[in-house]
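Novice: Chains as they are written, first to last, in my numbering: chain A, 45 to 239; chain B, 101 to 996; chain C, 20 to 330.
Mind looking over this structure? Questions follow.
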Amino acid sequence: MTTEKAARTKRSLLPWPVLRQLADGDVLGRGRSVRSKRTDELEPRTATADRVAHSVCPYCAVGCAQKVFVKDDKVVQIEGNPESPVNRGRLCPKGSASKNLVTSDLRQTTVRYRAPYATEWTDLDLHTAMDMVADRVVRSRRESWQDIDEQGRKVRRTMGIASLGGATLDNEENYLIKKLFTAMGAIQIENQARI
Amino acid sequence: MAEAHPVGFQWVVEAKKRGARIIHVDPRFTRTSALAHQHVPIRVGSDIAFLGGIINHVLQNELDFREYVVNYTNAANIISDKFQDVDDLDGLFSGFDAETRTYDPTSWQFAQEDQQGDLGRAQADDAGDTAAQRNTASGLQNESHGMQVGSRPPRDETLQHPMCVYQVLKRHYARYTPEVVEQICGVSQEDFLEVCRAWTENSGRERTTALVYSVGWTQHSVGVQYIRAGSILQLLTGNMGRPGGGIMALRGHASIQGSTDIPTLFNILPGYLPMPNAEKHQTLTDWIDSVRNPGSKGFWANAGAYGINLLKAYWGDAATPENDFCFDYMPRITGDHGTYRTVLDMIDGKVQGYFLLGQNPAVGSAHGRAQRLGMANLDWLVVRDLFEIESATFWKDSPEVATGEIVPEECRTEVFLFPAASHVEKEGTFTQTQRMLQWREKAVEPPGDARSELWFFYHLGRLVRERLAGSDDERDRPLLDLAWDYPVHGNPEEVAGGWGEPSAEAVLKEINGYEVATGRPLSGFLEMKDDGSTLGGCWIYSGVYADGVNQAARRRSRHDQSFVAPEWGWAWPMNRRILYNRASADPEGRPWSERKAYVWWDEDTQEWTGHDVPDFEKTKPPSYRAPEGSDGVAAIEGIDPFIMQGDGKGALYAPQGLIDGPLPTHYEPVESPFRNLLHGQQGNPTRKEYRRADNPMNPDPRETAAADVFPYVFTTSRLTEHHTAGGMSRYVEHLAELQPEMFVEVSPALAAERGLEHMGWCHVVTARSAIEGRVMVTERLRPLRVEGRTVHQVWMPYHWGQGGLVSGDSANDLFGISLDPNVLIQESKVGTCDVRPGRRPTGPALREYVEGYARRAGVADGDQGPVVTASAAAQQESAAGQDAAQQHSPQQREDQ
Amino acid sequence: MTGPNSLFGPLDPAPDAGYVDAPKRKGFFTDTSVCIGCKACEVACKEWNDVPENLYQMLGTSYDNSHSLNANQWRHVAFIERPGTTPAPDQPAAAPVDIGMPTVGAAPSGVPDEAKPDFQWLMSSDVCKHCTHAACLDVCPTGSLFRSEFGTVVVQDDICNGCGYCVAACPYGVIDRRKGPEGDSRVGIAQKCTLCYDRLTDNQRPACAQACPTESIQYGDVDELRERASERVATLHEQGVMDARLYGNDPEDGVGGTGAFFLLLDEPEVYGLPPDPVVTTKDLPRMYQRAGLAAAAMLAGVAVSFLGRRP
């Protein structure tokens, strides 16, 4: 137990606050004698977490190290890692809002589908949606395939499929994305780095 | 920096407490200015004039760090006497072809000595297709490659030869006097000279000066030359490769550096290898030689190993020496396939499917209307994001639905919005802005059907391959032969059902590279072989998995290691934290000063040592001189710190690789209320343009009557409280409430001129759109005095769209599309506009209103007037400088 | 005059509230000369303490859209745009020194005054002061507000009945009853900064101080922070920032000094702070004393009257 913890006074057994005040030396009843049981038992979420995952802030490119505290498989706190030579435990308002970001009620958790000419979303099963996208990739690739370009040069590609994104994705993800698209012959693969 | 990178700014605050002087150059007074010693307001788009002025100050007063400059830069190199500079040619360099608006850089080359004959031919060959280079963003030999120059060009180390780089540079910037800086930039001579004094007094043996820019610098039609100008200044003052010096790009996304290193970009492959070009790269040898630069110095000489390791990582067992490691499986680029070209192609109905991966172009890209109209003309669109962002809902609530240009019942685009896993719900590495990879652990499972991109693309690949299984069509071989067998883990049910999460660590090991036969991870790229016995997906990342240890996951406390903190994460290349750090020692290998010691040559152990990993061959002594005729790594001498450059020297002058000239020169932005004070050539003559009626640019000031339609200059940037296009901030309560509304900052003087009331409404108009916001009248914006006239600058944040907890108009709707010729990045930090009190029109009336402006400005047809405005005589003389007529294919002439 | 259980004057509050071997008093020193107005403190506070949103409304007071400290805003960053203080012309033009703010040069020839940024942007993160003599605590009838072993003043949500006496008592207008959002468990209850009481019990720093990128918000032992603050003021004065001054550090002031005190670059009013706050219960003892005398006199009178009736 830390010194400061030790200094936390135990709740008096005396039932009546006035007696506690006198007994605790807290004559005016403003401190030790008025603590509730809950107050005495308070512990920070960072201390009661089941585990801590080491992470990195997802916003700008400074690369602030974050500690992600998890309790019952839920994120209960995200804060800077004081050991990091980059941020020394500090975070900006965006980094500080990371828990809000990942636990937001506004997050999408199902696949939403908008059929051609539809005016509303419908929900779609994840695996069905994956199959549908794979079908469209295969079809568009076939329909827009070029073995040679208009000047007869071998190009072996599709100009029918494009992509944009990746600056907030992991290196491993971008690696697979570029690898798959390249094998597919899709070349209009772009990124925030061009913007 | 305090605005967009507050935590990085802690180091500036700490430096300030230790005595550093902080100067902030910015059009507006920001949170950074609030803590700076000096804030220098500058006209948007005039940075080259400003930096050129400082360069001139350094050269006129001989304040350069001479020993550094002579030994470590190309200042002494002698340039061909055919070279003509902009002062002779009204703002053009020699070799300009008005038809393609590109240069033949033959006359820019270094003078050739006899033994350089072969290389001279190579230079000329390489230089011959600058129009194609512009289209394929392959100037600079694909962004990071050294120049294809001879390893030993002729030099005059007295720096007196009239055609040596130093003297050419001095003449080039002679016109950038304090008076001219004041005229062009609106910066007082006193303020300007104070910056010059601070910069030069704080550079040298004992002190270093750091230049920090945010990537708004790249968003100009001369963006690359902005950064070149900064580089020239930092080389002249001896600040490169040294602690406390250098140029720091503050990038704006968690792994935007990583997504360039391992690109999702059309023109490059991992490790900055070029995407094969149908014209130039017919064979594996062509491709490798274009990177290897035979005859040049440096580590690109090993490009064969880098390229073959990538091919082997892609196609595994199918890639053999006999089939050139499946080089033919690579698709070929033939021109401009950048994001803006692609969006215009969408509008033209040429693209069927589009993936948006954590990206919100409906708000974040220039010319939002074009972005949304493009998306509305697809067959299918896949959006992967945390929230229901604007790019997923354009079909029901975009501004074009309001104007009637998109009618939901008539819009055929099929939209899939997949929920994405957040950064705590998956493992993997981000590469931060100083090239450092940091591994993230997975904290929790993603909610519901949210999944990582790793999961999505692994399974998409699997499903596509399943559909093509058994195909005997040759075009399907690259997919069927793809090495796509990654171990999966995670939720046992999903794994059993074939939908497990692929192992990011397995992918990282492939990126790092390993021995094919044994699976032993490589310790670094020097172990990469060009015979197929090793594979590795990204040579510059090789070493991140050395000894089978995830080096990016290292987290030794900063308290338990040196100030360089080499055991926190892993930086490419080979964990070097400062690039080119051999320059932190003098030519003899001793620290320039004890204060600034970083790496040095240890005479006792006969090797380079120091606080960081030396960015130099460990045992090559400072005294090493290359044998006659050597090239590649052997040609790097003991005094050549810039080991990726063809001559080992820092490039004050770039004889090739830049589409728009060997030296930065001031051009006005594409949209500007001012004529170019220096030359007849108004803007960057080589800029990339898409002239179409749906992409009108505001008129330039030579159309004087029309220029009155858009009298003001505007710029945009970020607020601390929001993140780029708002997809990760407008949907988050604790951020949205901090900056809940779109606003427009104006000076009290402009407010008076236009009748704008603080906190009332106003709208801003360009030829593309009109957007509205609340008026913020503030003295943080001041009118400037430029070329004898007052210019009002307007500032806006660009975080809002119609979605989220807080919504508003998007500032990026105001910009048109015109691009830097080297890297095809749009000019979206400066434009001209009108500002009016009150709200903008709504519904179809909005388009009529905007088109009325375009008509009055005379640009409704998309024609802004001529790009090349140098005098006819200058154009002729520049063209005459070409050695020979260059062959340009019709393809390359398109879309200049 | 200060003694145990005093309601005014210098005091170490935790022992005074009955804590034996209390840790050193903890507090904040907010150095506004390095505040960059990023609002990380506001957000980190809300994330840790589950403080709901305050308001989605642009206020037009520079970049401040949080309005003020209230039940849903336990940290509040003020932004003040104002003309800068031009250094005295006779001040020597020294070698590069830190003067803490943008310099202002002499008016150049040919450039109009309009181009000169004679301007300052002040930012300051305000918070509950954790007064040595906390009126909110003194008037709380339920014992919901209590003095912690760290000398801080904390609301106990489980005890507060929402009477609101504390709201009127606070000389800084900090404590406030939560009005919304609907459904929040603490609506109606008095709310304010706890100096992250729960974190302190585990030797962790308060969330705002942990996040603050520039160490504008410093957490620690009040004694040590006061020393550090005095040194910082002296340094700034040496550098010519004569406007630097401390606010709340003086144990002799109207609230006995605050546990959270500030380095300001202008008068407190400029930041929306009361210039000379006085604990509203300062006069209670005197009032009690008077009331006691009166009561005694009355008792005496009564006694006399009884006496008088004795034959």
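Just so it is clear, CB atoms sit at the ideal spot from N, CA and C, and this is done for glycine as well.
As the structure is a prediction and not an experimental result, all values here were calculated from the model.
So, is residue 499 of chain B buried or exposed, given that buried needs 16 or more other C-beta atoms within 10 angstroms?
Specialist: Position 399 of the second sequence holds residue 499 of chain B. Residue environment analysis places residue 499 of chain B among the buried positions, since at least 16 neighbouring C-beta atoms fall within 10 angstroms of its C-beta.
Novice: So what does DSSP say about residue 232 of chain A, is it helix, strand or coil?
Specialist: Within the first sequence, residue 232 of chain A is the residue found at index 188, counting from 1. Residue 232 of chain A falls in the strand class under three-state DSSP.
Novice: Using a Cβ-Cβ cut-off of less than 9 Å, give me the residues of the stretch 376-404 of chain B that come near chain C, in sequence order.
Specialist: none
Novice: Quick one: measure Cβ to Cβ for residue 236 of chain A and residue 356 of chain B, integer angstroms, because I've assumed they're closer than 8 Å.
Specialist: Here residue 236 of chain A corresponds to residue number 192 of the first sequence, with the count starting at 1. Here residue 356 of chain B corresponds to residue number 256 of the second sequence, with the count starting at 1. Residue 236 of chain A to residue 356 of chain B, Cβ: 6 Å. Contact.
Novice: Kindly say whether residue 117 of chain C, judged by its beta-carbon, lies nearer than 9 Å to any beta-carbon of chain B.
Specialist: As a first step, residue 117 of chain C is located in the third sequence; it is residue number 98 there, counting from the start. With a pLDDT of 40 at residue 117 of chain C, under the threshold of 50, the modelled position of this residue cannot be trusted, and the question is left open.
Novice: So, at 8 Å on beta carbons, what are the nonlocal neighbours of residue 116 of chain A in its own chain, with the 5 sequence-adjacent residues on each side left out?
Specialist: Reading the first sequence from its first residue, position 72 is the one you call residue 116 of chain A. The residues 94, in chain order, have a CB closer than 8 Å to that of residue 116 of chain A in the same chain once the five nearest residues on each side in sequence are set aside.
Novice: Would you please verify whether the beta carbon of residue 179 of chain A is less than 9 Å from any beta carbon of chain C?
Specialist: As a position in the first sequence, residue 179 of chain A is number 135, starting the count at 1. Cβ-Cβ to chain C under 9 Å: no for residue 179 of chain A.
Novice: Less than 9 Å between the beta carbons of residue 194 of chain B and residue 187 of chain B, yes or no?
Specialist: Counting from one through the second sequence, the residue named residue 194 of chain B turns up at place 94. Counting from one through the second sequence, the residue named residue 187 of chain B turns up at place 87. Their beta carbons are not under 9 Å apart, which means residue 194 of chain B does not touch residue 187 of chain B by this criterion.
Novice: Beta-carbon separation of residue 75 of chain C and residue 911 of chain B under 9 Å?
Specialist: Locating residue 75 of chain C in the third sequence gives position 56, counting from the first residue. Locating residue 911 of chain B in the second sequence gives position 811, counting from the first residue. Going by C-beta atoms, residue 75 of chain C is not nearer than 9 Å to residue 911 of chain B.
Novice: Does any residue of chain A bring its CB to less than 9 Å from the CB of residue 38 of chain C?
Specialist: Locating residue 38 of chain C in the third sequence gives position 19, counting from the first residue. For residue 38 of chain C, a Cβ of chain A is located within less than 9 Å of the residue's own Cβ.
Novice: I want to verify the contact list: residues of chain A whose CB lies under 8 Å from the CB of residue 44 of chain C, in sequence order.
Specialist: Within the third sequence, the letter at position 25 stands for residue 44 of chain C. Under the 8 Å cutoff, chain A gives no residues; its nearest Cβ is about 12 Å from residue 44 of chain C.
Novice: Pull up the DSSP beta-bridge partners for residue 933 of chain B, would you.
Specialist: Your numbering for residue 933 of chain B matches position 833 in the second sequence. Paired residues: B:812.
Novice: At 3 residues or longer, what runs of the beta strand (DSSP E) sit wholly inside the stretch 414-488 of chain B?
Specialist: 453-457, 480-485
Novice: DSSP has residue 692 of chain B in a bridge; who is on the other side?
Specialist: Looking up residue 692 of chain B in the second sequence gives position 592. Answer is none; residue 692 of chain B lacks a bridge partner.
Novice: Less than 9 Å between the beta carbons of residue 795 of chain B and residue 933 of chain B, yes or no?
Specialist: Start at 1 with the first residue of the second sequence, and residue 795 of chain B comes out as number 695. Start at 1 with the first residue of the second sequence, and residue 933 of chain B comes out as number 833. Their beta carbons are not under 9 Å apart, which means residue 795 of chain B does not touch residue 933 of chain B by this criterion.
Novice: What's the C-alpha gap between residue 744 of chain B and residue 191 of chain A?
Specialist: Locating residue 744 of chain B in the second sequence gives position 644, counting from the first residue. Locating residue 191 of chain A in the first sequence gives position 147, counting from the first residue. Taking the straight line joining both Cα atoms gives about 36 Å.
Novice: Buried or exposed: residue 661 of chain B, going by 16 or more other Cβ atoms within 10 Å of its Cβ?
Specialist: Mapped onto the second sequence, residue 661 of chain B falls at position 561. Looking at its Cβ environment, which holds fewer than 16 other Cβ atoms inside 10 Å, residue 661 of chain B is exposed.
Novice: Among residues of its own chain, excluding the 5 on either side of residue 452 of chain B, which ones have a beta-carbon nearer than 6 Å to its beta-carbon?
Specialist: Residue 452 of chain B sits at position 352 when you count from the first residue of the second sequence. Same-chain partners within the cutoff: 479.
Novice: Drop a sphere of 10 angstroms on the beta-carbon of residue 138 of chain B, count the other beta-carbons inside from all chains shown, and report buried for 16 or more, exposed for fewer.
Specialist: Here residue 138 of chain B corresponds to residue number 38 of the second sequence, with the count starting at 1. Burial call: buried.
Novice: Rounding to the nearest angstrom, what Cα-Cα distance links residue 166 of chain B and residue 437 of chain B in this structure?
Specialist: Numbered from 1 along the second sequence, position 66 holds the residue referred to as residue 166 of chain B. Numbered from 1 along the second sequence, position 337 holds the residue referred to as residue 437 of chain B. Answer to the nearest angstrom: the Cα atoms are 44 Å apart.
Novice: Between residue 856 of chain B and residue 935 of chain B, is the Cβ-Cβ spacing less than 9 Å?
Specialist: If you number the second sequence from 1, residue 856 of chain B lands on position 756. If you number the second sequence from 1, residue 935 of chain B lands on position 835. In this structure, residue 935 of chain B lies closer than 9 Å to residue 856 of chain B by Cβ.
Novice: Any Cβ of chain C within less than 9 Å of the Cβ of residue 121 of chain A?
Specialist: Numbered from 1 along the first sequence, position 77 holds the residue referred to as residue 121 of chain A. So, interface residue.
Novice: Establish whether the CB of residue 277 of chain C and some CB of chain A are separated by less than 9 Å.
Specialist: One-based indexing of the third sequence puts residue 277 of chain C at position 258. Closer than 9 Å: no.
Novice: Would you kindly report the start and end of the unbroken beta strand (DSSP E) that includes residue 349 of chain B?
Specialist: Along the second sequence, one-based indexing puts residue 349 of chain B at 249. Looking at the DSSP string, the run of the beta strand (DSSP E) that includes residue 349 of chain B is 347-350.
Novice: By how many angstroms is the C-alpha of residue 165 of chain A removed from the C-alpha of residue 149 of chain C?
Specialist: In the third sequence, counting from the first residue as 1, residue 149 of chain C sits at position 130. In the first sequence, counting from the first residue as 1, residue 165 of chain A sits at position 121. Rounded to the nearest angstrom, the two C-alpha atoms are 52 Å apart.
Novice: Could you tell me which whole alpha helix (DSSP H) segments of length 4 or greater appear in the stretch 601-686 of chain B?
Specialist: The qualifying runs are 604-612.
Novice: Using 8 Å for Cβ pairs, my map puts residue 90 of chain A next to residue 113 of chain A. What's the rounded Cβ distance?
Specialist: Position 46 of the first sequence holds residue 90 of chain A. Position 69 of the first sequence holds residue 113 of chain A. Indeed, because the Cβ distance is near 5 Å, the residues count as touching under 8 Å.
Novice: Looking at chain C, is there any beta carbon in it that lies within less than 9 Å of the beta carbon of residue 70 of chain A?
Specialist: By 1-based counting over the first sequence, the position of residue 70 of chain A is 26. So, interface residue.
Novice: For residue 261 of chain B, which residues from the same chain have a beta carbon less than 7 Å from its beta carbon, with the 5 sequence-adjacent residues on both sides left out?
Specialist: Taking the second sequence and counting its residues from 1, the one referred to as residue 261 of chain B is at position 161. Excluding positions up to five away in sequence, the list reads 178, 267.
Novice: What are the residues of the stretch 69-81 of chain C that lie near chain B, defined by any Cβ-Cβ distance shorter than 8 Å?
Specialist: 71, 72, 73, 74, 75, 76, 77, 79, 81
Novice: Just tell me which of A:70, A:102, A:122 has its CA closest to the CA of residue 539 of chain B.
Specialist: The count along the second sequence starts at 1 and reaches residue 539 of chain B at position 439. The shortest C-alpha separation from residue 539 of chain B is found at A:102.
Novice: Could you tell me which residues DSSP puts in a beta bridge with residue 718 of chain B?
Specialist: Mapped onto the second sequence, residue 718 of chain B falls at position 618. DSSP, once it has assigned bridges, lists no residue as partnering residue 718 of chain B.
Novice: I believe residue 901 of chain B touches residue 482 of chain B by the beta-carbon criterion, under 8 Å. Please report the beta-carbon distance rounded to the nearest angstrom.
Specialist: Within the second sequence, residue 901 of chain B is the residue found at index 801, counting from 1. Within the second sequence, residue 482 of chain B is the residue found at index 382, counting from 1. Residue 482 of chain B and residue 901 of chain B do not touch by the CB rule: their CB atoms are close to 19 Å apart, not below 8 Å.
Novice: Taking three-plus beta-carbon pairs below 8 Å as touching, is the stretch 119-133 of chain A in contact with the stretch 554-561 of chain B?
Specialist: no
Novice: Which same chain residues end up closer than 6 Å to residue 231 of chain A when comparing Cβ atoms and leaving out the 5 residues on each side of it in sequence?
Specialist: Looking up residue 231 of chain A in the first sequence gives position 187. 201.
Novice: Going by the beta-carbon positions, is the gap between residue 104 of chain B and residue 122 of chain B smaller than 9 Å?
Specialist: In the second sequence, residue 104 of chain B corresponds to position 4, counting from 1. In the second sequence, residue 122 of chain B corresponds to position 22, counting from 1. Not in contact: residue 104 of chain B and residue 122 of chain B (Cβ atoms no closer than 9 Å).
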